[in-house]
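Asker: Just so you know, the sequences run in chain order A and B.
The numbers in numbering that gives the first Met the number 0 rise by one with no breaks, and the one at position 382 of the first sequence is 381.
The numbers in numbering that gives the first Met the number 0 rise by one with no breaks, and the one at position 365 of the second sequence is 364.
Protein chains: 2
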Amino acid sequence: MQKIINPSPSHTSQSSHSFVLTRDEGEIIQLLRQYDQISRTDIARMTGWSRAKISLEMDLLIKKGLVKEMGEGISEGGRKPRLLSINDGLGFLVGVDIGATSIDLALSDVRGKILHRKSEPADVRESPDLVLGRCCELICEMLAAQSAHPDKILGIGVGVPGPVEFSKGMLVAPPLMPLWERYPIRDFFRKTFRSAFVVVDNDVNIMALAELREGDGRGLDHFIFIKIGTGIGCGIVSNGKIHRGADGSAGDIGHICVDKNGPVCRCGNLGCLEAVTAGPAIAEYAANAARDGSSSILAKKMENNGGKLSTEDVGAAMREGDRKALEIIQYSGRIIGETLASLVNFFNPSYIFFGGGVTNLGNQLLSSIRQAVLNRSLPLATRHLVIDYSSMGPDAGVIGAICLAKDHLFIVVN
Amino acid sequence: MQKIINPSPSHTSQSSHSFVLTRDEGEIIQLLRQYDQISRTDIARMTGWSRAKISLEMDLLIKKGLVKEMGEGISEGGRKPRLLSINDGLGFLVGVDIGATSIDLALSDVRGKILHRKSEPADVRESPDLVLGRCCELICEMLAAQSAHPDKILGIGVGVPGPVEFSKGMLVAPPLMPLWERYPIRDFFRKTFRSAFVVVDNDVNIMALAELREGDGRGLDHFIFIKIGTGIGCGIVSNGKIHRGADGSAGDIGHICVDKNGPVCRCGNLGCLEAVTAGPAIAEYAANAARDGSSSILAKKMENNGGKLSTEDVGAAMREGDRKALEIIQYSGRIIGETLASLVNFFNPSYIFFGGGVTNLGNQLLSSIRQAVLNRSLPLATRHLVIDYSSMGPDAGVIGAICLAKDHLFIVVN
Numbered sequence: 000m001q002k003i004i005n006p007s008p009s010h011t012s013q014s015s016h017s018f019v020l021t022r023d024e025g026e027i028i029q030l031l032r033q034y035d036q037i038s039r040t041d042i043a044r045m046t047g048w049s050r051a052k053i054s055l056e057m058d059l060l061i062k063k064g065l066v067k068e069m070g071e072g073i074s075e076g077g078r079k080p081r082l083l084s085i086n087d088g089l090g091f092l093v094g095v096d097i098g099a100t101s102i103d104l105a106l107s108d109v110r111g112k113i114l115h116r117k118s119e120p121a122d123v124r125e126s127p128d129l130v131l132g133r134c135c136e137l138i139c140e141m142l143a144a145q146s147a148h149p150d151k152i153l154g155i156g157v158g159v160p161g162p163v164e165f166s167k168g169m170l171v172a173p174p175l176m177p178l179w180e181r182y183p184i185r186d187f188f189r190k191t192f193r194s195a196f197v198v199v200d201n202d203v204n205i206m207a208l209a210e211l212r213e214g215d216g217r218g219l220d221h222f223i224f225i226k227i228g229t230g231i232g233c234g235i236v237s238n239g240k241i242h243r244g245a246d247g248s249a250g251d252i253g254h255i256c257v258d259k260n261g262p263v264c265r266c267g268n269l270g271c272l273e274a275v276t277a278g279p280a281i282a283e284y285a286a287n288a289a290r291d292g293s294s295s296i297l298a299k300k301m302e303n304n305g306g307k308l309s310t311e312d313v314g315a316a317m318r319e320g321d322r323k324a325l326e327i328i329q330y331s332g333r334i335i336g337e338t339l340a341s342l343v344n345f346f347n348p349s350y351i352f353f354g355g356g357v358t359n360l361g362n363q364l365l366s367s368i369r370q371a372v373l374n375r376s377l378p379l380a381t382r383h384l385v386i387d388y389s390s391m392g393p394d395a396g397v398i399g400a401i402c403l404a405k406d407h408l409f410i411v412v413n
Numbered sequence: 000m001q002k003i004i005n006p007s008p009s010h011t012s013q014s015s016h017s018f019v020l021t022r023d024e025g026e027i028i029q030l031l032r033q034y035d036q037i038s039r040t041d042i043a044r045m046t047g048w049s050r051a052k053i054s055l056e057m058d059l060l061i062k063k064g065l066v067k068e069m070g071e072g073i074s075e076g077g078r079k080p081r082l083l084s085i086n087d088g089l090g091f092l093v094g095v096d097i098g099a100t101s102i103d104l105a106l107s108d109v110r111g112k113i114l115h116r117k118s119e120p121a122d123v124r125e126s127p128d129l130v131l132g133r134c135c136e137l138i139c140e141m142l143a144a145q146s147a148h149p150d151k152i153l154g155i156g157v158g159v160p161g162p163v164e165f166s167k168g169m170l171v172a173p174p175l176m177p178l179w180e181r182y183p184i185r186d187f188f189r190k191t192f193r194s195a196f197v198v199v200d201n202d203v204n205i206m207a208l209a210e211l212r213e214g215d216g217r218g219l220d221h222f223i224f225i226k227i228g229t230g231i232g233c234g235i236v237s238n239g240k241i242h243r244g245a246d247g248s249a250g251d252i253g254h255i256c257v258d259k260n261g262p263v264c265r266c267g268n269l270g271c272l273e274a275v276t277a278g279p280a281i282a283e284y285a286a287n288a289a290r291d292g293s294s295s296i297l298a299k300k301m302e303n304n305g306g307k308l309s310t311e312d313v314g315a316a317m318r319e320g321d322r323k324a325l326e327i328i329q330y331s332g333r334i335i336g337e338t339l340a341s342l343v344n345f346f347n348p349s350y351i352f353f354g355g356g357v358t359n360l361g362n363q364l365l366s367s368i369r370q371a372v373l374n375r376s377l378p379l380a381t382r383h384l385v386i387d388y389s390s391m392g393p394d395a396g397v398i399g400a401i402c403l404a405k406d407h408l409f410i411v412v413n
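(1) According to DSSP, what are the bridge partners of N201(A)?
(2) Which stretch, first to last residue, makes up the alpha helix (DSSP H) that contains G278(B)?
(3) Could you pull out every residue in the same chain whose Cβ sits closer than 7 Å to the Cβ of T40(A), ignoring the five residues on either side in sequence?
(4) Can you give me the start and stop residues for the alpha helix (DSSP H) that Y330(B) sits inside?
(5) Can the beta-carbon of I37(A) be found less than 8 Å from the beta-carbon of L82(A)?
(6) Looking only at its chain, what residues have a beta carbon closer than 6 Å to the beta carbon of R110(A), apart from the 5 residues adjacent to it on each side?
(7) May I have the straight-line CA-CA distance separating S14(A) from I28(B), to the nearest angstrom?
(8) In the DSSP assignment, what are the bridge partners of A400(B)?
(9) Does the stretch 395-409 of chain B touch the stretch 143-162 of chain B, meaning 3 or more C-beta pairs lie closer than 8 Å?
(10) Please look up how many angstroms separate the CB atoms of R369(B) and I386(B), rounded, as I've assumed it's under 8 Å.
(11) What does a CB cutoff of less than 7 Å around A144(A) pick up in its chain, not counting 5 residues either side in sequence?
(12) Which whole-angstrom value is the C-beta distance of N347(B) and A207(A), which I expect to be below 8 Å?
(13) Give the interface partners of F346(A) over in chain B, defined as CB-CB distance under 7 Å, in chain order.
(14) Between the stretch 156-172 of chain A and chain B, which residues of the former have CB atoms less than 8 Å from a CB of the latter, in chain order?
(15) Using the beta-carbon of each residue, which ones in chain B are nearer than 9 Å to R78(A)?
(16) How about G247(A) and D220(A): do their beta carbons lie closer than 8 Å?
(17) Check whether the Cβ of C139(A) lies closer than 8 Å to any Cβ atom in chain B.
(18) Excluding the five sequence neighbours on either side, which residues of its own chain have a C-beta within less than 7 Å of the C-beta of L308(B), listed in chain order?
(19) With a threshold of 8 Å between beta carbons, is S341(B) in contact with chain A?
(20) With a threshold of 8 Å, are at least 3 pairs of Cβ atoms found where one atom belongs to the stretch 223-230 of chain B and the other to the stretch 223-230 of chain A?
(21) Run through the DSSP bridge pairs and tell me what I241(A) is partnered with.
(22) Please state whether DSSP places L175(B) in a helix, a strand or coil.
(23) What residues in its chain sit with their C-beta under 8 Å from that of F91(B), if we drop five residues either side in the sequence?
(24) Just how far apart, CA to CA, sit Q1(B) and Y350(A)?
(25) Compare the C-alpha of V66(B) against each of S166(B), S54(B), R44(B) and S118(B) and name the closest.
(26) Just the Cα atoms here: how many angstroms apart are T100(B) and V93(B)?
(27) Can you tell me whether R116(A) is helix, strand or coil according to DSSP?
(28) Compare the C-beta of N238(B) with all C-beta atoms of chain A and state if any pair is closer than 8 Å.
(29) If you draw a straight line from the alpha carbon of C139(B) to that of A400(B), how long is it in whole angstroms?
(30) Taking the alpha-carbon positions, what's the I3(B) to L31(B) distance?
(31) Would you say S49(A) reaches chain B, if we count a Cβ-Cβ gap shorter than 8 Å as a contact?
(32) So which residues of chain B does S389(A) contact, with C-beta pairs closer than 8 Å?
(33) Which one or two residues does DSSP pair with C271(A) in a beta bridge?
(34) Do you know offhand how far D258(A)'s Cα is from L269(A)'s?
(35) Using a threshold of 8 Å, state whether the C-beta atoms of K202(A) and G98(A) are closer than that.
(36) So, at 6 Å on beta carbons, what are the nonlocal neighbours of A395(B) in its own chain, with the 5 sequence-adjacent residues on each side left out?
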């Protein structure tokens with residue numbers, strides 16, 4: 000029997016630098032993670048174990064180098080207690096968030112504290128060798144700033160914008176990045192970082208994980224995170240765990256049919272949610288409005304941009320008071336909200352977080368979504384439902400990637 | 000820290016006859032449940048514990064009366080091992096499945112082996128006192144057949160056809176049974192069965208639980224169970240656990256909008272899935288076909304039934320070759336399937352089980368559902384998806400109610 004703290008099925012390639020713990024050690028590590036610094040007395044109170052047992056376990060963990068003694072805590076009468084913490088000198092974790100048009104990376108200590116960040120434009124349609132090679136270079140740059148060797152990387156969490164077969168760490172039929180089909184991402188990283196385990200997940204799943212571990216999703220059992228950008232996807236948390244589904248494709252809501260006579264989607268079907276409402280659709284509706292004379296503001300923007308319009312332009316036009324831009328955003332929000340209403344009835348989340356590029360369209364989009372959800376969901380399912388933008392903004396991905404690595408750092412064996 | 004074996008949040012009223020176990024005892028009980036009869040050597044192999052520790056734990060469990068020694072197992076060389084089992088003399092569990100028009104009850108031993116069954120018609124629109132009072136009488140009859148006192152009932156699992164606030168064991172705004180709104184079901188049972196804990200859940204959740212513990216859902220991490228009858232609801236399993244959602248209303252898919260201009264639903268909205276496709280809708284389409292002359296077979300059946308048609312009549316007409324009846328069933332299946340396609344994209348289950356009265360419409364319904372799901376879901380989400388009737392038939396509810404009680408019999412405290 001093997002289980003992973005904050006677990007999911009097994010899937011780190013060879014679990015190279017996952018640390019294997021007994022169940023009791025696992026429990027202590029869990030407490031140290033939860034409280035960061037904690038005394039033996041605290042642990043005794045929380046576990047109900049004897050002082051002798053705790054001393055024994057602690058000495059072993061300190062000897063293994065996993066735990067270290069910190070300063071003294073506040074006395075509750077008598078000697079000041081010595082505080083214990085996970086040893087942040089163990090090594091480093093890396094978070095890699097690969098987006099359609101950018102890569103975001105972070106280097107953290109084993110407690111998840113971020114030490115360095117790197118971001119740059121990238122094109123995910125390129126070959127994986129190129130994109131991942133650049134990621135490795137950037138990781139080495141961050142390591143150099145710490146004067147550390149690549150072997151000090153213990154684990155790497157990677158988010159990618161496509162469906163992932165989680166147990167294998169591979170993309171399966173990714174529409175945005177066909178060259179990545181079943182590419183061995185883990186092996187690529189492990190050529191440079193030989194001590195590291197590598198865990199790969201879908202980009203929206205790691206955003207949901209970021210909210211669950213570090214954001215407003217802490218303590219929530221059931222929520223969803225929706226990313227609206229070039230496409231639309233969602234990360235799902237059920238009973239406090241990421242729900243990936245039977246084939247790892249859970250959350251692929253961009254291809255739910257919202258209009259049987261709608262436009263052709265890149266997946267080949269008609270009227271998929273993302274074909275009708277995501278970034279490119281919004282830009283296209285705006286371009287049509289510019290061309291057919293129904294919005295002079297959009298027409299002017301298009302002219303200034305050399306015949307193109309982006310979702311940012313649509314947002315700007317709305318803020319300048321353009322009626323057509325507002326209508327387009329409201330339409331998109333309403334259709335997204337109607338689709339979510341079905342999912343709210345089915346899943347009954349307590350929170351729906353929104354992230355991704357299109358969220359810069361602001362409150363108009365959100366209020367249209369809210370209104371449609373409340374109109375069509377059951378009252379019982381919406382009485383405590385919060386619908387809001389993720390307060391993590393564009394950092395959700397890379398924070399989630401670090402959390403993913405952190406979740407797999409320790410393995411508990413019975 | 001308190002957790003329940005095969006758990007969910009806490010919710011047995013006062014956990015009267017839940018047995019409180021240490022973590023190690025919990026692990027042994029889990030193994031005894033899994034393998035029914037098992038030797039100390041088997042437990043040593045599976046836990047990695049020493050023989051001394053296992054002997055100590057076992058002696059305590061036997062002393063508490065929770066475990067008993069059975070006959071001898073097969074020798075692997077040397078002395079024949081003595082087999083151990085959970086003590087089935089501890090007491091009894093009860094499963095109560097309250098449907099819209101019937102009650103189904105079962106009495107089992109603590110291992111979940113069903114000893115007696117009772118079923119009879121009932122009308123859930125009646126007062127809860129009346130319906131639950133009758134349940135208590137039937138339970139006492141089953142106990143009498145075992146010459147046992149009501150205090151020997153350790154736990155009662157109850158399924159009800161409406162949304163349940165699981166932590167309180169109460170129905171919230173149940174459309175079928177308004178008199179049950181926030182009625183204290185637990186307290187009612189505990190007046191007669193003073194030693195019993197009572198756990199109340201939605202009827203479709205317990206059907207999903209039955210599949211998860213005892214049916215084709217064993218070993219599956221992610222599946223859904225859909226009941227089609229007077230209404231449509233679904234039970235959801237995520238990561239091997241029942242997903243009840245933030246307010247306990249998860250799975251209420253009957254009120255997903257499938258036609259904005261559709262008929263008025265009993266919830267007040269237009270075009271809800273169940274208003275368009277469930278039993279009453281099918282019967283109404285058939286009655287229309289009988290009246291407007293498009294089906295002579297349905298017209299004849301309606302005449303013979305005194306002006307009424309049931310879903311059974313529609314099924315019979317279809318089997319007699321009636322084209323219109325077939326069309327009605329196919330239409331219902333297609334709309335259900337299109338709705339499920341969205342949920343499959345979102346949730347990515349590996350299995351969709353169907354149960355409930357309408358399932359007697361047979362394979363035509365199922366194949367229409369299948370076709371619509373495969374047409375509109377992503378290939379990755381359907382490559383291993385099985386869509387089939389539950390092989391438990393009408394027993395799923397009562398078996399699930401027993402499983403619910405069994406899940407709460409032992410509580411593990413750290």
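Even for Gly, the Cβ is constructed at its ideal location relative to N, Cα and C.
Every value quoted in this text rests on a predicted model; they were computed, and no experiment measured them.
Answerer: The relevant details are as follows:
(1) Here the question's residue 201(A) lines up with position 202 in the first sequence. Beta-bridge pairing links N201(A) to V159(A).
(2) Here residue 278(B) is taken as the residue at index 279 of the second sequence, counted from 1. Taken as a continuous stretch (DSSP letters only), the alpha helix (DSSP H) holding G278(B) covers G278 to R290.
(3) The residue you call residue 40(A) lines up with position 41 of the first sequence. Same-chain partners within the cutoff: P80.
(4) Taking the first residue of the second sequence as 1, we reach residue 330(B) at position 331. Taken as a continuous stretch (DSSP letters only), the alpha helix (DSSP H) holding Y330(B) covers R322 to F346.
(5) For the purposes of this step, residue 37(A) is taken as residue 38 along the first sequence, with counting starting at 1. For the purposes of this step, residue 82(A) is taken as residue 83 along the first sequence, with counting starting at 1. Yes, these two residues count as a Cβ contact at 8 Å.
(6) Taking the first sequence and counting its residues from 1, one reaches residue 110(A) at position 111. Excluding positions up to five away in sequence, the list reads I85 and D87.
(7) On the first sequence, position 15 is the one that residue 14(A) refers to. On the second sequence, position 29 is the one that residue 28(B) refers to. Here the model assigns S14(A) a pLDDT of 48, short of 50, so the residue's position is not dependable and the matter cannot be decided.
(8) The residue you call residue 400(B) lines up with position 401 of the second sequence. For A400(B), which the question treats as bridged, DSSP gives no partner whatsoever.
(9) yes
(10) In the second sequence, the residue the question calls residue 369(B) occupies position 370. In the second sequence, the residue the question calls residue 386(B) occupies position 387. Sure, about 5 Å apart at Cβ, within 8 Å.
(11) Translated into the one-based positions of the first sequence, residue 144(A) becomes position 145. Answer for A144(A): H115, listed in chain order.
(12) The residue given as residue 347(B) occupies position 348 in the second sequence. The residue given as residue 207(A) occupies position 208 in the first sequence. About 15 Å; that fails the 8 Å criterion.
(13) Within the first sequence, the letter at position 347 stands for residue 346(A). By Cβ distance, chain B contributes G244 and A249.
(14) P162, V171 and A172
(15) Taking the first sequence and counting its residues from 1, one reaches residue 78(A) at position 79. Ordered by position in chain B, no residue passes the 9 Å Cβ test against R78(A), which lies about 27 Å from the chain.
(16) Translated into the one-based positions of the first sequence, residue 247(A) becomes position 248. Translated into the one-based positions of the first sequence, residue 220(A) becomes position 221. It is not a contact, given that the beta carbons lie outside the stated cut-off.
(17) Walking along the first sequence from the start, residue 139(A) turns up at place 140. No, C139(A) lies away from the interface with chain B (no Cβ there is under 8 Å from its Cβ).
(18) Residue mapping note: residue 308(B) aligns to position 309 of the second sequence, counting from 1. Correct list, in chain order: A282, A285, A286, A289, L297, K300 and M301.
(19) Here residue 341(B) refers to the residue found at position 342 of the second sequence. It does; some Cβ of chain A falls within 8 Å.
(20) No: fewer than three Cβ pairs fall under 8 Å.
(21) As a working mapping, residue 241(A) is identified with position 242 in the first sequence. Paired residues: V236(A).
(22) Here the question's residue 175(B) lines up with position 176 in the second sequence. L175(B) falls in the coil class under three-state DSSP.
(23) As a first step, residue 91(B) must be located in the second sequence, where it is residue number 92. Excluding positions up to five away in sequence, the list reads L106, S107, D108, V109, L114, L142, Q145, A147, K151, I152 and L153.
(24) Sequence index remark: in the second sequence, residue 1(B) carries index 2 (1-based). Sequence index remark: in the first sequence, residue 350(A) carries index 351 (1-based). Only weak support is given to the placement of Q1(B): the predicted model assigns it a pLDDT of 37, under 50, and the value that follows is read from those uncertain coordinates. Distance between the alpha carbons of Q1(B) and Y350(A): 26 Å.
(25) What you label residue 66(B) is simply residue 67 of the second sequence in a count that begins at 1. Ranking the options by Cα distance to V66(B), first place goes to S54(B).
(26) What you label residue 100(B) is simply residue 101 of the second sequence in a count that begins at 1. What you label residue 93(B) is simply residue 94 of the second sequence in a count that begins at 1. Between T100(B) and V93(B), the C-alpha separation is close to 20 Å.
(27) In the first sequence, the residue the question calls residue 116(A) occupies position 117. Looking at R116(A) - three-state DSSP - the assignment turns out to be strand.
(28) Residue 238(B) sits at position 239 when you count from the first residue of the second sequence. At least one chain A Cβ lies under 8 Å of N238(B).
(29) Residue mapping note: residue 139(B) aligns to position 140 of the second sequence, counting from 1. Residue mapping note: residue 400(B) aligns to position 401 of the second sequence, counting from 1. If you take the alpha carbons of C139(B) and A400(B), they lie about 17 Å apart.
(30) The residue given as residue 3(B) occupies position 4 in the second sequence. The residue given as residue 31(B) occupies position 32 in the second sequence. Any answer about I3(B) is weak, because its pLDDT of 43 lies below 50 and its placement is not dependable; what the coordinates show is given next. Annotation: I3(B) to L31(B) spans about 16 Å, alpha carbon to alpha carbon.
(31) Taking the first sequence and counting its residues from 1, the one referred to as residue 49(A) is at position 50. Chain B contact via Cβ: absent.
(32) Counted from its first residue, the first sequence places residue 389(A) at position 390. Simply none; closest approach about 18 Å.
(33) Reading the first sequence from its first residue, position 272 is the one you call residue 271(A). BP columns for C271(A) point to C256(A).
(34) Residue numbering aside, residue 258(A) sits at position 259 when the first sequence is read from its first letter. Residue numbering aside, residue 269(A) sits at position 270 when the first sequence is read from its first letter. D258(A) and L269(A): Cα-Cα distance of roughly 7 Å.
(35) Residue numbering aside, residue 202(A) sits at position 203 when the first sequence is read from its first letter. Residue numbering aside, residue 98(A) sits at position 99 when the first sequence is read from its first letter. Note on residue identity: the sequence assigns Asp, not Lys, to residue 202(A). In contact: D202(A) and G98(A) (Cβ atoms closer than 8 Å).
(36) Numbered from 1 along the second sequence, position 396 holds the residue referred to as residue 395(B). Around A395(B): M206, A209, G354 and S389.
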